[in-house]
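The block underneath contains the structure these notes are about, expressed in structure tokens.
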Amino acid sequence: IEKSIISTLAYFDIFNFPLTKQELWQNLWIEDPATVVNESLRQDFEKAFERLIPKYINCAGGFCGLASEQFSQKIVTRKENYRAAIRKKDVAAQNAKLLSRMPFVRAIFLCNNLAYDNSRDDSDIDFFVVTKRGRLFVCRFFCVLLMKILRRRPTKMKTRDKICLSFWVDECRLGLGDILKQNDIYLHYWLKQLVPLYDSQNLLNKIWQQNVWIKYRVPNVLPYRSSSRLVQNVRQGFLSRIFSAFVPHFVENIAREIQIAMLPSDVKNKMQTNDGPAIGGVIVGVNIFKAHVNDRREQFKNLWLEKVEKIYATS
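Shown next, in the form of structure tokens:
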């Protein structure tokens, strides 16, 4: 349990994000997937937590984190990022409301740092979009076109509050276990932190059902419970219903080929199809589009493991 506590705090320390004690429990990374979560485990957690103070853990202002001289500054950073995130979530909700009216959109989730209120004011806003089965690339065409027309896509010069649309799946591709890497702590927390902005069919529940492997490593986690301020239940407009009814299926293949051809060269060079385990940063399949050229999961994993090893090496 002590190692689980240190491992969890070490991971969030990478992002300068001290946790409350309850957040630590809910995000507790379990080394042994066979661990049974019960009242005894909670009691062991409480005792282990107290033993780790103050040599390994600092506590102040309701937060806890790895013992370091920068701990107080990390609390300040978390509060600053929280204030920025509250504003940015309103921007995200407004854009999700627009995108939810596009043909074939089934759900829109906020992801990455903003999803857990840890976003810098100058950062963009990342969406994870779920489309109707077999309509991913037609849907992506309409959504990206709308954001380009409104000048809300991120550029090299400007990212603040821009909408990043880099991760798409259709409603039959909600299981993401095949993109899981070894010791992929980042993807566990990434999925755990999804925030539904538009999800009228409760696809978040299906995502949890099809990714039960999260619970093996983060067993105390619960699906996001959103406030009505964020979740948008929007009825799709007339034009959207017309497109949904009358766009023939062969258009999907055309849209896919055109969008692949238009990808930047650095994206194409790293592109992976569905022929093997889909663990790369750029994956383009019939029901998944993931265009993360700089997939930092391996980097975050190594930083995390180095932090844990350093703590035990100096203990």
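Going by my numbering, the sequence shown opens with residue 5, and the numbers climb by one from there. All C-beta atoms in this analysis are idealised placements derived from N, C-alpha and C, irrespective of residue type, glycine included. Treat the numbers as computed from the prediction; the structure is a model and nothing was measured.
**OP:** Decide yes or no for the touch test of the region 260-269 against the region 133-145: beta carbon pairs closer than 8 Å, at least 3 of them.
**Re:** yes
Original post:
Going along the chain, which residues of its own chain have a beta-carbon closer than 7 Å to the beta-carbon of Asn291, five neighbours each way excluded?
Top reply: Position 287 of the sequence shown, counting from 1, holds the residue named residue 291. So the qualifying residues of the chain are Leu140, Val173, Asp174, Cys176, Arg177.
Original post:
Does the distance from the C-beta atom of Ser123 to that of Asn62 stay below 8 Å?
Top reply: What you label residue 123 is simply residue 119 of the sequence shown in a count that begins at 1. What you label residue 62 is simply residue 58 of the sequence shown in a count that begins at 1. No, the Cβ-Cβ distance between Ser123 and Asn62 is not below 8 Å.
Subject >> Between the CA atoms of Phe53 and Tyr193 - distance to the nearest angstrom >> reply: Stepping through the sequence shown from its first residue, residue 193 is reached at position 189. Stepping through the sequence shown from its first residue, residue 53 is reached at position 49. Spanning the two alpha carbons is a distance of roughly 21 Å.
Subject >> Local conformation of Asp188 per DSSP, three classes >> reply: Numbered from 1 along the sequence shown, position 184 holds the residue referred to as residue 188. In the structure shown, Asp188 sits in coil (DSSP, three-state: anything other than H, G, I, E or B).
Subject >> At least three beta-carbon pairs within less than 8 Å, the region 126-141 to the region 214-230 >> reply: no
Original post:
On the premise that Ile79 lies in contact with Pro37, defined as a C-beta separation below 8 Å, what is that separation, rounded to the nearest angstrom?
Top reply: One-based indexing of the sequence shown puts residue 37 at position 33. One-based indexing of the sequence shown puts residue 79 at position 75. Not quite, the Cβ-Cβ distance comes to about 32 Å (not below 8 Å), so this is no contact.
Original post:
Cα-Cα, which of Phe67, Phe171, Ala295, Leu118 is closest to Leu267?
Top reply: Position 263 of the sequence shown, counted from the first residue, corresponds to residue 267. Selected option, being the one with the closest Cα: Ala295.
Original post:
In terms of alpha-carbon separation, which member of Leu56, Ile18, Gln30 lies closest to Arg221?
Top reply: Working through the sequence shown from its first residue, we reach residue 221 at position 217. When each option's Cα is compared against that of Arg221, the closest is Gln30.
**OP:** Give the range of the alpha helix (DSSP H) segment to which Leu207 is assigned.
**Re:** Translated into the one-based positions of the sequence shown, residue 207 becomes position 203. Residues 207-214.
Original post:
Assuming Pro200 contacts Leu208 under a Cβ cut-off of 8 Å, what Cβ separation, rounded to an integer in Å, is found between them?
Top reply: Residue numbering aside, residue 200 sits at position 196 when the sequence shown is read from its first letter. Residue numbering aside, residue 208 sits at position 204 when the sequence shown is read from its first letter. Rounded, the Cβ-Cβ distance is 5 Å, consistent with contact.
**OP:** Measure the alpha-carbon distance for Gln47 versus Arg55 and round it to whole angstroms.
**Re:** What you label residue 47 is simply residue 43 of the sequence shown in a count that begins at 1. What you label residue 55 is simply residue 51 of the sequence shown in a count that begins at 1. For Gln47 and Arg55, the distance between alpha carbons rounds to 13 Å.
Subject >> Cβ separation of Lys28 and Ile9, assumed to be a contact under 8 Å, to the nearest whole Å >> reply: Position 24 of the sequence shown, counted from the start, is the residue given in the question as residue 28. Position 5 of the sequence shown, counted from the start, is the residue given in the question as residue 9. It should be pointed out that residue 28 corresponds to Leu in this sequence rather than to Lys. Right, the Cβ-Cβ distance comes to about 7 Å (below 8 Å), so this counts as a contact.
Original post:
Quick one: what's got a C-beta closer than 7 Å to Lys196's C-beta in the same chain, skipping five residues either side?
Top reply: Counting from 1 along the sequence shown, the entry for residue 196 is found at position 192. Hits under 7 Å: Ile218, Val222, Val225.
**OP:** For the beta strand (DSSP E) holding Trp61, just list the boundary residues, first then last.
**Re:** What you label residue 61 is simply residue 57 of the sequence shown in a count that begins at 1. In the sequence under discussion, the amino acid at residue 61 is Ile, which differs from the Trp named in the question. Segment 61-64, the beta strand (DSSP E) holding Ile61.
**OP:** For the alpha helix (DSSP H) containing Cys1, list its first residue and its last residue.
**Re:** For residue 1 there is no data in the structure shown, the boundaries of the chain being 5 and 319.
Original post:
What separation, rounded to the nearest whole angstrom, lies between the Cα atoms of Phe113 and Leu45?
Top reply: Position 109 of the sequence shown, counted from the first residue, corresponds to residue 113. Position 41 of the sequence shown, counted from the first residue, corresponds to residue 45. Those two C-alpha atoms are separated by around 32 Å.
Original post:
Going along the chain, which residues of its own chain have a beta-carbon closer than 7 Å to the beta-carbon of Glu310, five neighbours each way excluded?
Top reply: Position 306 of the sequence shown holds residue 310. Excluding positions up to five away in sequence, the list is empty.
Original post:
Would DSSP call Lys166 helix, strand or coil?
Top reply: To locate residue 166, count along the sequence shown from 1; it is residue 162. Note: Lys166 maps to coil in three-state DSSP.
**OP:** Just the C-alpha distance for Cys13 and Val288, rounded to the nearest angstrom, thanks.
**Re:** Reading the sequence shown from its first residue, position 9 is the one you call residue 13. Reading the sequence shown from its first residue, position 284 is the one you call residue 288. One detail in the question is off: residue 13 reads as Leu in this sequence, not Cys. Cα-Cα distance, rounded: 34 Å.
Original post:
Per DSSP, Phe131 is paired with what?
Top reply: Looking up residue 131 in the sequence shown gives position 127. Looking at the DSSP assignment, Phe131 forms a beta bridge with Leu114.
**OP:** Tell me Pro200's beta-bridge partners as DSSP assigns them.
**Re:** Residue mapping note: residue 200 aligns to position 196 of the sequence shown, counting from 1. BP columns for Pro200 point to Phe113.
Original post:
beta strand (DSSP E) containing Ala295: first to last residue?
Top reply: Here residue 295 is taken as the residue at index 291 of the sequence shown, counted from 1. 292-295 is the span of the beta strand (DSSP E), which, as asked, contains Ala295.
Original post:
For Lys166, which option in Leu118, Tyr202, Trp212 has the closest C-alpha, if you only look at C-alpha atoms?
Top reply: By one-based count along the sequence shown, residue 166 stands at place 162. Measuring from the Cα of Lys166, the nearest candidate turns out to be Leu118.
Original post:
Which partner residues of Trp172 appear in the DSSP bridge assignment?
Top reply: In the sequence shown, counting from the first residue as 1, residue 172 sits at position 168. Paired residue(s): Val133, Phe293.
Original post:
Are Ala64 and Ser72 touching if we call contact CB-CB under 8 Å?
Top reply: To locate residue 64, count along the sequence shown from 1; it is residue 60. To locate residue 72, count along the sequence shown from 1; it is residue 68. For Ala64 and Ser72, no; Cβs fall outside 8 Å.
Original post:
Identify the residues that DSSP records as bridge partners of Leu70: which are they?
Top reply: By one-based count along the sequence shown, residue 70 stands at place 66. In DSSP, Leu70 forms a bridge with Ile61.
Original post:
How many Å lie between Lys272 and Lys160 at the Cα?
Top reply: Walking along the sequence shown from the start, residue 272 turns up at place 268. Walking along the sequence shown from the start, residue 160 turns up at place 156. Their Cα atoms are separated by approximately 19 Å.
Original post:
Can you tell me whether DSSP reads Val286 as helix, strand or coil?
Top reply: Sequence index remark: in the sequence shown, residue 286 carries index 282 (1-based). Correct three-state label for Val286: strand.
Subject >> Length of the line joining the Cα atoms of Asn215 and Asp182 >> reply: By one-based count along the sequence shown, residue 215 stands at place 211. By one-based count along the sequence shown, residue 182 stands at place 178. Near 10 Å, if we compare the C-alpha coordinates of Asp182 and Asn215.
**OP:** Determine the direct distance from the alpha carbon of Gln205 to that of Asp17, and round the result to whole angstroms.
**Re:** Locating residue 17 in the sequence shown gives position 13, counting from the first residue. Locating residue 205 in the sequence shown gives position 201, counting from the first residue. Those two C-alpha atoms are separated by around 35 Å.
Original post:
With C-beta atoms as the reference, is Phe132 less than 8 Å away from Leu198?
Top reply: Within the sequence shown, the letter at position 128 stands for residue 132. Within the sequence shown, the letter at position 194 stands for residue 198. It is a contact, given that the beta carbons lie within the stated cut-off.
Original post:
Near Lys305, what residues of its chain come up, given a Cβ to Cβ distance below 8 Å and the 5 sequence neighbours on each side ignored?
Top reply: Counting from one through the sequence shown, the residue named residue 305 turns up at place 301. Cβ neighbours of Lys305 beyond the five flanking positions: Lys185, Asn187, Asp188, Ile189, Tyr190.
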